[in-house]
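J.: Counted the way the numbering used here counts, the sequence shown spans residues 570 to 699.
Note that the Cβ used here is the ideal one computed from N, Cα and C, for glycine as well.
Below is a structure I'd like to ask you about.
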Amino acid sequence: MPSSCKEIRAALAQCLQESECVMVQRHTAAECLRSPLAETLPTKCQQLKKGFGECRRGMIDMRKRFRGNQPITFKSLEKTEETGEGYQLYAGRSAFAGAVKKTDGNEPEPKDWRELENEKYRQEQEVQKR
């Protein structure tokens with residue numbers, strides 16, 4: 570299997586091995602991934618299952634043929650859970666984290682370029698008068 574889905578596959582396998590479906594009810598991991606047992610999995614496992622499916626689908630998606638399949642790594646997914654920043658389970662960078670800088674509403678409004686040019690012109694005129 571190409572390396573783009575290895576990490577999320579390993580995380581899904583680990584999640585399944587620790588789930589109640591495998592540990593308590595003694596089903597195989599493959600059985601737990603199929604309906605109706607798939608609905609009893611923890612939310613984290615269901616998200617990983619969906620992300621792994623999208624990753625596998627992305628390997629044959631012609632829209633991604635130039636940039637390649639770029640799944641989010643599971644380690645960065647765990648980090649975003651701890652920090653509380655928004656994330657997407659799949660498709661590379663987060664859509665919301667770091668894109669908008671926080672403001673308090675008291676920032677000075679930047680001057681228009683025309684006003685800056687006028688100030689420069691006035692200063693040059695004053696220097697020439699002297």
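1) Where E684 and D673 are concerned, what is the direct C-alpha to C-alpha distance, given to the nearest angstrom?
2) What is the DSSP secondary structure of E589, reduced to helix, strand or coil?
3) Quick one: is I577 buried, meaning 16 or more other Cβ sit within 10 Å of its Cβ, or exposed?
4) Helix, strand or coil for L606? Go by DSSP, reduced to three states.
5) For the alpha helix (DSSP H) that contains R626, what are its first and last residues?
6) Please name the residue, chosen from N687, E695, K575, that lies closest to R625 on a Cα-to-Cα basis.
7) Determine whether the beta carbon atoms of K619 and G627 lie at a separation below 8 Å.
8) Within its chain, find whatever has a CB closer than 8 Å to the CB of M570; leave out the 5 residues flanking it on each side and keep chain order.
9) Can you tell me whether A582 is buried or exposed, with buried defined as 16 or more other CB within 10 angstroms of its CB?
10) Let me know the secondary structure DSSP gives A660 once reduced to three states.
T.: The structure says:
1) On the sequence shown, residue 684 is found 115 positions in, with the first residue counted as 1. On the sequence shown, residue 673 is found 104 positions in, with the first residue counted as 1. Their backbone Cα atoms lie some 25 Å apart in a straight line.
2) Here residue 589 corresponds to residue number 20 of the sequence shown, with the count starting at 1. Helix at E589.
3) Position 8 of the sequence shown, counting from 1, holds the residue named residue 577. I577 comes out buried.
4) Start at 1 with the first residue of the sequence shown, and residue 606 comes out as number 37. L606: helix per DSSP, three-state reduction.
5) One-based indexing of the sequence shown puts residue 626 at position 57. 612-627 is the span of the alpha helix (DSSP H), which, as asked, contains R626.
6) Your numbering for residue 625 matches position 56 in the sequence shown. Closest option to R625, Cα to Cα, is K575.
7) As a working note, residue 619 is residue 50 in the sequence shown. As a working note, residue 627 is residue 58 in the sequence shown. Cβ distance not < 8 Å, so K619 and G627 don't count as in contact.
8) Taking the sequence shown and counting its residues from 1, the one referred to as residue 570 is at position 1. Because the pLDDT of M570 is 47, which lies under 50, any placement of that residue in the model is unreliable, and the number read from its coordinates should be weighed accordingly. Excluding sequence neighbours, M570 sits near R578.
9) For the purposes of this step, residue 582 is taken as residue 13 along the sequence shown, with counting starting at 1. When all chains shown are included, A582 counts as exposed.
10) In the sequence shown, residue 660 corresponds to position 91, counting from 1. Residue placement at A660 is flagged as unreliable, the pLDDT there being 48, under the threshold of 50; the coordinate-derived value follows with that caveat. Looking at A660 - three-state DSSP - the assignment turns out to be coil, as it is neither helix nor strand.
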